[in-house]
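Chemist: FYI, my numbering numbers position 40 of the sequence shown as 29, with every residue one higher than the one before it.
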Amino acid sequence: MEFPSELRNQIEMKAAAWKPSELRKASAALSEKYRNDSGKGKKLVTSGLDALVYSIVRMPATFAAVSEALRYAAECTGEEIHSLLDVGAGTGAAAWAADAVFELEKIVCLEREKAMSRLGAEYMRVGSETLRNAGWIYADLTSENFPYQADLVTASYVLNEMSDPDRSAAVRRLWNAARKMLVITEPGTPVGFAQLKAARDQLLSEGAHIAAPCPHEVLCRLSENDWCHFTARVQRSRLHKIVKDGDSPFEDEKFSYMVFTRNEPQRAAARVLRHPYTEKGRITLELCTASENTTVTITKKDKEIYKAAKKAVSGSKIDL
Ligand SMILES: C[S@@+](CC[C@H](N)C(=O)[O-])C[C@H]1O[C@@H](n2cnc3c(N)ncnc32)[C@H](O)[C@@H]1O
-10 MEFPSELRNQ
0 IEMKAAAWKP
10 SELRKASAAL
20 SEKYRNDSGK
30 GKKLVTSGLD
40 ALVYSIVRMP
50 ATFAAVSEAL
60 RYAAECTGEE
70 IHSLLDVGAG
80 TGAAAWAADA
90 VFELEKIVCL
100 EREKAMSRLG
110 AEYMRVGSET
120 LRNAGWIYAD
130 LTSENFPYQA
140 DLVTASYVLN
150 EMSDPDRSAA
160 VRRLWNAARK
170 MLVITEPGTP
180 VGFAQLKAAR
190 DQLLSEGAHI
200 AAPCPHEVLC
210 RLSENDWCHF
220 TARVQRSRLH
230 KIVKDGDSPF
240 EDEKFSYMVF
250 TRNEPQRAAA
260 RVLRHPYTEK
270 GRITLELCTA
280 SENTTVTITK
290 KDKEIYKAAK
300 KAVSGSKIDL
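1) If you draw a straight line from the C-alpha of SER44 to the C-alpha of ILE0, how long is it?
2) Hey, ILE59 and VAL142 are a contact pair by Cβ (cut 8 Å); roughly how many whole angstroms apart?
3) Within 10 angstroms of its Cβ, does ASP88 collect 16 or more other Cβ (buried), or is it exposed?
4) Ligand 1 and MET105: does the residue's C-beta get closer than 6 Å to at least one heavy atom of that ligand?
5) Hey, is GLU129 close to ligand 1, as in C-beta under 6 Å from one of its heavy atoms?
6) Distance, Cα to Cα, ARG107 vs GLY124?
7) State buried or exposed for SER56, treating a residue as buried only when at least 16 other CB atoms are found within 10 Å of its CB.
8) When you measure from the CB of VAL160 to every non-hydrogen atom of ligand 1, does any distance come out below 6 Å?
9) Mind checking PHE239: buried by the 16 CB within 10 Å criterion, or exposed?
10) Can you tell me the Cβ-Cβ gap for ALA301 and PRO265, rounded? I've got them flagged as a contact below 8 Å.
11) Taking contact to mean 3 or more Cβ pairs, one atom from each stretch, closer than 8 Å, check whether the region 76 to 84 and the region 263 to 279 are in contact.
12) For the putative contact between PHE135 and LEU74, defined by C-beta atoms under 8 Å, what is the C-beta separation to the nearest angstrom?
13) Identify which residue in SER72, GLU281, LEU38 has its Cα closest to the Cα of SER212.
14) Give the list of continuous alpha helix (DSSP H) stretches no shorter than 4 residues that lie fully inside the region 93 to 122.
15) Thinking just about the alpha-carbon of each residue, which of CYS217, LYS289, PHE91, GLU94 is nearest to the one in GLU175?
16) Could you check which residue in LYS95, ALA53, TYR127, GLY28 has the C-alpha nearest to that of GLY77?
17) With three or more C-beta pairs closer than 8 Å as the rule, is the region 175 to 185 touching the region 144 to 154?
18) Thinking C-beta only, is ARG256 closer than 7 Å to CYS310?
19) Roughly how many whole angstroms lie between the Cα atoms of GLU68 and LYS243?
20) Return the CA-CA distance between ARG162 and ARG13, expressed in angstroms with no decimal places.
21) Applying the 10 Å Cβ sphere with the 16-neighbour rule, what's the burial state of GLU100?
22) My understanding is that VAL160 touches ALA139, with C-beta atoms under 8 Å, so please give their C-beta distance in whole angstroms.
23) Quick one, are the C-beta atoms of PRO202 and ALA279 less than 7 Å apart?
24) Count the other C-beta atoms from every protein chain shown that fall within 10 angstroms of the C-beta of LEU130, then say buried if there are 16 or more, exposed otherwise.
25) For ALA200 versus THR250, is the C-beta spacing smaller than 7 Å?
26) In angstroms with no decimal places, state the Cα-to-Cα distance between VAL232 and ARG263.
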């Protein structure tokens, strides 16, 4: 899904008030903070410049990852989603993604860092009517029950900022606020996936269903040193290249996600876990199915399945 051009323009307008060297320096300092202090419950973005740099560097990638996760969620649930609570909303990337995927009538963003929410609210002024009317709640996910429930709750790239002891209570609060669906997105790293897997075990034991990516609700069969993640390709803007250096026209955002629902979902029969391996007349897929993790080779003789396999990418659901 394309990053909204009106949002890109707003980010560029804000960035124009700063010299490229100032943005580059702030970006390097923020990356350093994320490398050293994530996962400890510390505040990482504290100034307006930090928030701006975050939005330049990370919003296109988090928007792309959350859009994919929400698209997979919509495929497996068919739920009508009219309201959103985006927790740890930052500058609002997940809310923009949800607004593009669902027919939202109400958006509420919860965030504890005013520098982020101030900028996020400003960006939303150029969005859809629902984005323009979004409400913002200043609250801390670790200490407060949310004063609002919504059809869909999103938490993207938030759990990995929290300390281990806080995370499980936070997951319960997120779930309690979700009337129909909770979608958690995290970096596609061993740590990000381990946190999602723990949330999966916790919420399944508390009666939630899992709609995607898993085709089953039993224990995840991936080995300890493997992790379920997917990739969203993101076009890099001129501004992104200036701030983050490098000329590559795109970046590949690796992400992991889980979609929890209150109603029984229509789960995939199988999920493609890795990029398909294509040879002449045959495609090899690494799959997670309801009963096993397996590798299958599909040939032209398999007709309909071969057609589906040709279109499949890592993350696709597939009917065998
Ligand atoms: C990495 S940013 C992600 C922002 C946005 N969700 C996105 O995907 O672009 C994490 C956000 O979570 C917020 N956050 C972290 N811990 C929080 C907490 N305990 N309560 C509320 N917000 C929190 C941070 O202030 C920050 O804005």
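For every residue, glycine included, the Cβ atom is placed at its ideal position computed from N, Cα and C.
Modeler: Taking the coordinates as given:
1) 7 Å
2) The amino acid occupying residue 59 in the given sequence is Leu; Ile does not appear at that position. Rounded, the Cβ-Cβ distance is 12 Å, inconsistent with contact.
3) buried
4) yes
5) A quick correction: the sequence has Asp, not Glu, at residue 129. Within the cutoff, so yes.
6) 12 Å
7) buried
8) no
9) exposed
10) 6 Å
11) no
12) 7 Å
13) GLU281
14) 103 to 113, 118 to 121
15) CYS217
16) TYR127
17) yes
18) Any property of residue 310 remains undetermined from this structure, which presents the chain solely from -10 to 309.
19) 26 Å
20) 37 Å
21) buried
22) Contact doesn't hold; Cβ gap of about 16 Å is too wide.
23) no
24) buried
25) yes
26) 31 Å
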